[in-house]
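Student: Going by the UniProt record's numbering, the first residue of the sequence shown is number 1, and it counts up by one from there. The beta-carbon is built from N, C-alpha and C at its ideal position, and this holds for glycine as well.
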Amino acid sequence: MDDSCAVCADNLEWVSYGACGHRDVCSTCVSRLRFICNDRRCCICKTESNVIFVTKALGDYTRMINDFSVLPSDVREGRVGSYWYHEDTQAFFDDVDHYRMIKAMCRLSCSVCDKMDEHSNDGAKRRGKFRNIEQLKGHLFHKHRLVMCSLCLEGRKVFICEQKLYTRAQLHQHINTGDSEVDGTESERGGFMGHPMCEFCKTPFYGDNELYSHMSTEHYTCHICQSIQDNMNITRIMMTLRQDDL
Ligand SMILES: [Zn+2]
Ligand SMILES: [Zn+2]
Ligand SMILES: [Zn+2]
Ligand SMILES: [Zn+2]
Ligand SMILES: [Zn+2]
Ligand SMILES: [Zn+2]
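See below:
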């Protein structure tokens, strides 16, 4: 077992795992997959887990739950015995601070309304009124005519309320060139130049890694008629990736 997350490659500080016991992915990645993408499968073996356990990653000393059936069933949000249960990701935590951190990350709120609330006194009333992401997206669009970038939503490791909001035109610009007025100056957006596009299916991807794995699974092994062109593209992408490493 490595000490970096198998999905995001960040240092593995907190680990989430299900009954299959694969302790290779960080709690942030697992929470995002379960909460945002509604994907309950283990990233390693693709086994679906109804509940998961979140604990500090300590290599061989990582706390192990061997039998998930001993975890309480029919539980509600909050403290359960010696654990804390997070309903949105169906996860048990053994650390209250980390539980609060993940809970805050998954909190669905409208940052536009939140900002308006800061100037009035009934701010707390609006908190937690969205039951899922689709509801929040609907609110953003119908109330404010704003959208989130779905690629950033799945790819950026930030709280949902920190996701940037775009008008349709700004989103277009964000995906293509990365320089919409919402994204800020070049240094503010960390050199972001828009999401890379697959030239074959004209679909944008979050970053070069996502595009690369799409290319290698979707296009690399396809028809002979295209294989030469695909090969050239793979080589080109790998060269750009290598240049980034320098
Ligand atoms: Zn991760
Ligand atoms: Zn697994
Ligand atoms: Zn709002
Ligand atoms: Zn984006
Ligand atoms: Zn493609
Ligand atoms: Zn092809």
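Can you tell me which residues fall inside 5 Å of ligand 4, judged by beta-carbon distance to its nearest heavy atom, and keep chain order?
Tutor: Cys149, Leu151 and Cys152
Student: For Ser111, which residues of its own chain have a beta-carbon under 6 Å away from its beta-carbon, when the five flanking residues on both sides are left out?
Tutor: Cys161
Student: To the nearest angstrom, how far is it from the Cα of Thr89 to the Cα of Arg79?
Tutor: 15 Å
Student: On the CB-based measure, 16 or more other CB atoms within 10 Å of its CB, does Ala91 come out buried or exposed?
Tutor: buried
Student: Within the continuous beta strand (DSSP E) that includes Phe92, where are the two ends?
Tutor: Ala91 to Phe93
Student: May I ask you to list the residues that DSSP assigns as paired with Met197?
Tutor: Pro204
Student: Is Cys20 near ligand 2, judged by its Cβ being under 7 Å from some heavy atom?
Tutor: yes
Student: Going by other Cβ atoms of all chains shown within 10 Å of its Cβ, with 16 needed for buried, is Cys5 buried or exposed?
Tutor: buried
Student: Check for me: the beta strand (DSSP E) holding Lys56 runs from which residue to which?
Tutor: Ile52 to Lys56
Student: Taking only the alpha-carbon atoms, compute the straight-line gap between Cys149 and Thr167 and give it to the nearest angstrom.
Tutor: 10 Å
Student: What is the residue span of the alpha helix (DSSP H) that His98 lies within?
Tutor: Val96 to Cys106
Student: Please state whether the Cβ-Cβ distance between Gly184 and Gly194 is less than 8 Å.
Tutor: no
Student: In whole angstroms, what separates the C-alpha of Ser216 from that of Cys26?
Tutor: Rounded to whole angstroms, Ser216 and Cys26 show a C-alpha spacing of 25 Å.
Student: Got a sec? Which residues, its chain only, sit under 6 Å from Leu165 by beta carbon, not counting five neighbours each side?
Tutor: Leu146
Student: Would you give the residue range spanned by the beta strand (DSSP E) that Ser16 belongs to?
Tutor: Trp14 to Tyr17
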